[in-house]
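All remarks here apply to the structure that follows.
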Amino acid sequence: MKFDVFDANKNFVTGEYFENFTDLYKPSRKVELVPKFKYDDLFLKIDYGISVYRPYHDGEDFLIQHLSPTLMEQCGLTNEDDVRGCLFSEVFPLYTKNNFLEFLREAYKKQTSLNFELYGYTDDGVFFKHYIYDVVGTEDAAFILAKDDTDFLMLKDQENRLFENSPYGLAIFQDGKLVRVNTKFQKLLNIPFDYLKVDKLEIKDIPLVPTKLTKEELIENYQKILNNELLKDHDVMSYTNYKGEHFWFDCVASLTNYEDNKAVQITLLDITESKDAQDEAFRIQKSLKLVESNSKFSIVNYNKNTGFIVTDEFFKILETEPFDLRKDIDKFYQLIDNQSKWDMINHLNYMVENQIEDDNFQFEIDINGKVKHLMFYSKIIDYGEDGSASDYVGYLMDITESVEREQKLAEADKDKAVLLKEIHHRVKNNLQIILSLISLDERFNKQDYEMILDSTKSRIKSMALIHQKTYESDSLSNINVRSFMEDYCLSILNLYNLEDDINLIYNIDEFLELPLDIMTPLSLILNEFVTNSIKYAFSNSEDDKNIILSMDTVGDMVNFTIEDNGVGLPEDLDVYNSPSLGLTIINSLTNQINGEFSKIDCEGAGFKLKFPANFES
14 MKFDVFDANK
24 NFVTGEYFEN
34 FTDLYKPSRK
44 VELVPKFKYD
54 DLFLKIDYGI
64 SVYRPYHDGE
74 DFLIQHLSPT
84 LMEQCGLTNE
94 DDVRGCLFSE
104 VFPLYTKNNF
114 LEFLREAYKK
124 QTSLNFELYG
134 YTDDGVFFKH
144 YIYDVVGTED
154 AAFILAKDDT
164 DFLMLKDQEN
174 RLFENSPYGL
184 AIFQDGKLVR
194 VNTKFQKLLN
204 IPFDYLKVDK
214 LEIKDIPLVP
224 TKLTKEELIE
234 NYQKILNNEL
244 LKDHDVMSYT
254 NYKGEHFWFD
264 CVASLTNYED
274 NKAVQITLLD
284 ITESKDAQDE
294 AFRIQKSLKL
304 VESNSKFSIV
314 NYNKNTGFIV
324 TDEFFKILET
334 EPFDLRKDID
344 KFYQLIDNQS
354 KWDMINHLNY
364 MVENQIEDDN
374 FQFEIDINGK
384 VKHLMFYSKI
394 IDYGEDGSAS
404 DYVGYLMDIT
414 ESVEREQKLA
424 EADKDKAVLL
434 KEIHHRVKNN
444 LQIILSLISL
454 DERFNKQDYE
464 MILDSTKSRI
474 KSMALIHQKT
484 YESDSLSNIN
494 VRSFMEDYCL
504 SILNLYNLED
514 DINLIYNIDE
524 FLELPLDIMT
534 PLSLILNEFV
544 TNSIKYAFSN
554 SEDDKNIILS
564 MDTVGDMVNF
574 TIEDNGVGLP
584 EDLDVYNSPS
594 LGLTIINSLT
604 NQINGEFSKI
614 DCEGAGFKLK
624 FPANFES
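Residue numbering for the sequence shown follows the working numbering, beginning at 14 and increasing consecutively.
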């Protein structure tokens, strides 16, 4: 066996091997008659084991006056009289080698107190004992106060092993930072362990995305847990690794103790498989939570078995408190006038009875005396066993502002009224494009509704920004190319939390404008290019990550190139006959604007698009 001694600063002092505990004691002569310590009976009632020693030869050695019951037992002593009056150095040779005598001398001569710890190990290195010692010196005596801390340390060691070997990913949040993680946590996120070991790592630096809250709100909840204002926080987190693989985690945060201070323990459970296995309607409902709130736009799902499921924006459009459409559809009908109600019912019935794949219609409703103009698009996404349509996804859009703007401008300027009418027409056409792309997504990504929704979200952002730029333009028909591409590419990086990781470089004249008819398909082409680079180009790169967009005009033709410095394209890639969904979409949109599409030689992946500047649909 072995005893190791450490000082108060956890520095190793000395270590000594011994065969068994009886080696700690050596029978010895009595040097001097020492009376029994008068507080013996009191010491027996104190948790600390207290031993008393009288100085001998000016404190160079010490006479034993009283030994704690624990020390007596360890040494195999039954009678204190056998050692009272004996010298410490002779009775306890092993403790003398372990610097106990030096501690007694220093505490007595300086009349101070010292602290040290003793760890005991078996021959095969297994920890089995831990004592905490306080040595106190006075004018006429020295005291050793010993506390057996073995059970506590073993419990702590057991807790450490349970933490490290947990089947769950565990992390400790304290003082605004992650101070500890286990190996499972690191493996779940596939992040270098050295990165997660940094004791200054903040929650915002961990690439987990909460579905219910922002990261700022999440941190606030963690602080509430520390303040006993909140029992726990429970959320579903999403995570996309550097390979573009998407995962879901059940995340629970609860109060714990770390290093004798309150902390928050974060527990991660990988629920990716179970989440993917949930029924279709439920998955759609959860996935829609990821779509950014837009009071003008709502996604609607209708299943003939479960009824309607809508995003919260549906009720914002109707200016009412949320309610369960599946249980109270009549409440919805009460919010709209009778004519609108029957127009809607008749249209939906017509779609169901005739198995219309996708369709749209526009209607008006009166809400608190205010007329709202709404547009509804729907598409069949699944059929029942009997072959009839069973599941629809649709989009409800508040177009009131667009219609009212159209009406006001019509009163002031007939030419602008015509242009706005054209824009309104294009809104319908563009959303029809979205539905068509959903159909393509469905064909290429069977049953992967989360991927379909993520792609749809990005494309809708493109459409929304196109129309925003149109309304901001004086002409209402042309869009500033550079301004649009800067705003849109930044929004894509923000979507993937990569705004600080990828450099966007623009070689585009700041005054260059293109017609709306060109910019709409061009924006969707841009979306496919940029998202493809983000997902696949830089998976193994540690250098600067660049995406370069260039555009110039030669006569009536426009040359648009996009390049990255990533891993590049397969040498045998045929851009015109590829099974890739992205290239299929790009080729189709290129044909719409009478353009030509080709790949170019560059450091990474590069494409060139050539099209007429004055394209007419």
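Heads up, the beta-carbon is just placed ideally off N, CA and C, and yes, glycines get one too.
Three or more C-beta pairs below 8 Å linking the segment 612–629 and the segment 537–555: yes
Whole-angstrom C-beta distance between residue 387 and residue 364, which should lie under 8 Å: That belief does not hold up - the Cβ atoms of residue 364 and residue 387 are roughly 17 Å apart, past 8 Å.
Closest Cα partner of residue 104 within the set 182, 332, 43, 378: 43
Any alpha helix (DSSP H) of 4 or more consecutive residues that is wholly inside the segment 350–386: 351–367
Minimum C-alpha distance to residue 556 - residue among 577, 565, 538, 536: 577
Span of the alpha helix (DSSP H) around residue 343: 342–347
Closest Cα partner of residue 135 within the set 30, 154, 225, 311: 30
Supposed contact pair residue 108 and residue 128 - C-beta distance, whole angstroms, cut 8 Å: Not really, about 16 Å apart at Cβ, beyond 8 Å.
Enclosing alpha helix (DSSP H) for residue 339 [first to last residue]: From DSSP, residue 339 is part of no alpha helix (DSSP H); its letter is neither H nor E.
DSSP-derived helix/strand/coil call for residue 413: helix
Residue 84 versus residue 117 - alpha carbon distance: 16 Å
Residues bridged to residue 576 [DSSP beta-bridge criterion]: 561, 619
Continuous beta strand (DSSP E) stretch holding residue 182: start and end: 182–187
Chain-order list of residues whose beta-carbon lies under 6 Å from that of residue 303 (same chain, five-residue window excluded): With a pLDDT of 43 at residue 303, under the threshold of 50, the modelled position of that residue is not reliable, and the figure given next carries that caveat. Contacts found: none.
Where residue 581 falls: helix, strand or coil (DSSP): coil
Whole-angstrom distance between residue 353 and residue 384, CA atom to CA atom: 12 Å
Pick from 517, 493, 159 that is closest to residue 502, judged by C-alpha positions: 517
Continuous alpha helix (DSSP H) stretch holding residue 235: start and end: 228–239
Strand pairing of residue 259, partner residues [DSSP]: 253
Strand pairing of residue 264, partner residues [DSSP]: 248, 281
Spatial distance of residue 262 from residue 250 (CA atoms): 5 Å
C-beta atoms of residue 569 and residue 625 nearer than 7 Å: yes
Those residues which DSSP pairs with residue 126 across a bridge: 149
Beta-carbon gap between residue 174 and residue 185 smaller than 7 Å: no
CB of residue 509 within 7 Å of CB of residue 561, strictly: no
Coarse secondary structure for residue 512, derived from DSSP in three states: coil
Distance CB(residue 36)-CB(residue 28) smaller than 7 Å: no
Status (buried if at least 16 other CB within 10 Å, exposed otherwise) for residue 52: exposed
Exposure label - residue 23; buried when at least 16 CB within 10 Å: exposed
Cβ neighbour criterion (16 or more within 10 Å) applied to residue 392: buried
Distance, residue 196 Cα to residue 395 Cα: 42 Å
Simplified DSSP state of residue 39, which is helix, strand or coil: coil
DSSP beta-bridge partners of residue 321: 315
Burial state of residue 407 (16 or more Cβ within 10 Å): buried
Three-state secondary structure (DSSP) of residue 298: Residue placement at residue 298 is flagged as unreliable, the pLDDT there being 46, under the threshold of 50; a coordinate-derived value is accordingly withheld.
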